[in-house]
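Here the structure is laid out as structure tokens; the discussion comes afterwards.
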Amino acid sequence: MNKSLSRSIGFWLLLVVSLATTAVGGWLISGQIGTMTTTLLDGTATGVEVYVGQSLVVVGAGVLAAGIVGILLTLGLVAARSLVPAPAPTVVEAIDWTATPEQAPTETPTSETAASSEAAPASEAAAVDVVPAADADDAAAPSDAKPDDSTITR
């Protein structure tokens, strides 16, 4: 699950929210300091502009600091991701759709496969090739053995 950092929604969300938070914090600070400065210098400052303005500057500084921390986290993620080596690409062969599938050789059942087909669940038992008993006896008989006359029918 090695996803590229540039394709991560969380990364871009962190970056955009951090930039927006930094901008809002800077706007709050500059707006309130500008208002306090002009009203204090011309002598028209009220208690609301001075005392509430100071509180809004503190709130703006907190918002600005949160945005800066988010930007630093984003830069830290980029630096950490650059230290992690990229996985080696896997080479995949093209599928030749014109080729015919090869038939797998059938095996005669042994005592191991017979025991495993009895113990296997139904889904696995269906995959085991079952050879009829007559074929199994023929396959088990040695090829150089002579058949007795009682089994030959004419």
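Just so you know, we're using this note's numbering here: the sequence shown kicks off at 195 and counts up by one. We put the beta carbon where it would ideally sit given N, CA and C, even for glycine.
- Please work out which residues of its chain come closer than 6 Å, Cβ to Cβ, to Ala239, disregarding the five sequence neighbours upstream and downstream, and give them in chain order. Thr233.
- Query: Per the contact definition of three or more C-beta pairs closer than 8 Å, is the stretch 205-225 in contact with the stretch 251-268?
  - Reply: By the Cβ criterion, the stretch 251-268 is in contact with the stretch 205-225, since at least three pairs of Cβ atoms, one from each stretch, lie closer than 8 Å.
- Query: Going straight from the alpha carbon of Ala259 to that of Ala280, what length do you get?
  - Reply: Taking C-alpha positions only, Ala259 is separated from Ala280 by approximately 33 Å.
- Item | Host alpha helix (DSSP H) of Val223 (start-end) | Sequence check: residue 223 is Ile here, not Val. Run containing Ile223: 203-236, per the alpha helix (DSSP H) assignment.
- Message: Applying the 10 Å Cβ sphere with the 16-neighbour rule, what's the burial state of Gln248?
- Response: By the Cβ neighbour-count rule, Gln248 is exposed, with fewer than 16 other Cβ atoms within 10 Å of its own.
- Between Leu187 and Thr268, is the Cβ-Cβ spacing less than 8 Å? The structure shown does not extend to residue 187, since the chain is modelled only from 195 to 348, so the question has no answer here.
- Member of Val272, Ile289, Glu287 whose CA lies at the smallest distance from the CA of Ala201: A small fix is needed here, since residue 201 is Arg in this sequence, not Ala. Cα-wise, what sits closest to Arg201 is Val272.
- Query: Three-state secondary structure (DSSP) at Ile265?
  - Reply: Secondary structure of Ile265 (DSSP, three-state): helix.
- Note down the Cα distance separating Pro370 from Gly264, rounded to an integer number of angstroms. Residue 370 falls outside the range modelled here, since the chain spans only 195 to 348, and no answer is possible.
- Query: So what does DSSP say about Val285, is it helix, strand or coil?
  - Reply: DSSP places Val285 in coil when its eight states are reduced to three.
- Query: If you run the structure through DSSP and keep just helix, strand and coil, what is Ala280?
  - Reply: It is coil, neither helix nor strand.
- Have a look at Gly204 and Val278 and give me their C-alpha separation to the nearest angstrom. If you take the alpha carbons of Gly204 and Val278, they lie about 18 Å apart.
- Residue from Ala214, Glu243, Ala288 whose Cα sits closest to the Cα of Gly225: Of the candidates Ala214, Glu243, Ala288, the one whose C-alpha sits nearest the C-alpha of Gly225 is Glu243.
- Query: From this set, Ala214, Thr231, Asp290, which residue's C-alpha is nearest Val257's C-alpha?
  - Reply: Relative to the Cα of Val257, the nearest Cα in the group Ala214, Thr231, Asp290 belongs to Ala214.
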